[in-house]
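Residue numbers (this note's numbering): 77 to 325.
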């Protein structure tokens, strides 16, 4: 089970029926009462961590999951065992997320009619200047897999689409406004990594990440030391990648 902000996930599911974290088909959506109660308790003790009123209003407007009659939404699921041959095939461009046409109630920073009421304080801090692009109503859009905010799909997409997983990220297009973003889609050498990221560094898997963390402690290494070491090995061809090559510089 993976948990997300309801407003963010409502936008995501317009494009994809897969979980943003594990990429499996979503079977059901329901409120995580435990996490919700813990979050409320934390915010009561740390009111400075609360989202702005404008941000909360924007998320409430995006949220399509709330229902007074039910707390669980069943989703149509594709049988993963229906075709074993397809499970073993190599991924193609058709497996990757695709741009989609935006409903008029959702706007990105470059959309006609976009206003501060659609944004957060952090959005305003990271406005991209001199884009030269203005989205018209009905234009194709993307969803950032890091912050779940909307991005224009104006080509070329090389600064927004990962060549490995096919997902979209906004940091190189305009600086990602998600708190704690390490620089999504940045080159390895430019990623902002520190010790606080170790707990879920490996595919957000806490168990495998703990093994890495313990290894670094045993070697008296910092995460940036490990990153530098790996990049040096790539340059020397002692480390290799199976498909996409070394593009960290």
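Glycine residues also receive a C-beta, built at the ideal position from the N, C-alpha and C atoms.
Same chain, Cβ closer than 7 angstroms to residue i, five either side skipped, listed in chain order
i, result
"residue 269", "258, 299, 300, 303"
"residue 212", "188"
Bounding residues of the alpha helix (DSSP H) (the contiguous stretch that carries residue i)
i, result
"residue 216", "Looking at the DSSP string, residue 216 is not in any alpha helix (DSSP H); the run it does join, the beta strand (DSSP E), is 216 to 219."
"residue 226", "Here residue 226 belongs to no alpha helix (DSSP H); instead the beta strand (DSSP E) covers 226 to 228."
"residue 289", "282 to 294"
"residue 302", "299 to 311"
"residue 84", "82 to 88"
Buried versus exposed, by CB contacts within 10 Å (16 or more), residue i
i, result
"residue 237", "buried"
"residue 224", "buried"
"residue 96", "buried"
"residue 171", "Low confidence applies here, because residue 171 scores a pLDDT of 46, under 50, leaving its location unreliable and the question unanswered by this model."
"residue 294", "exposed"
"residue 93", "exposed"
"residue 218", "buried"
"residue 61", "The requested residue 61 does not occur in the structure, where the chain is confined to residues 77 to 325."
"residue 243", "buried"
"residue 98", "exposed"
"residue 83", "buried"
"residue 113", "exposed"
"residue 128", "exposed"
Sequence-distant residues of the same chain with beta carbon closer than 8 angstroms to residue i, five excluded per side
i, result
"residue 115", "none"
Assigned secondary structure, residue i (DSSP; H/G/I helix, E/B strand, else coil)
i, result
"residue 274", "helix"
"residue 245", "coil"
"residue 252", "coil"
Contacting residues, own chain, Cβ-Cβ under 6 angstroms from residue i (five flanking each side not counted)
i, result
"residue 235", "248, 249"
"residue 260", "222, 245, 247, 252"
Checklist entry - Curious, which full-length alpha helix (DSSP H) runs of at least 4 residues does the segment 103 to 140 contain? => result The segment 103 to 140 contains these whole alpha helix (DSSP H) runs: 109 to 121, 129 to 138.
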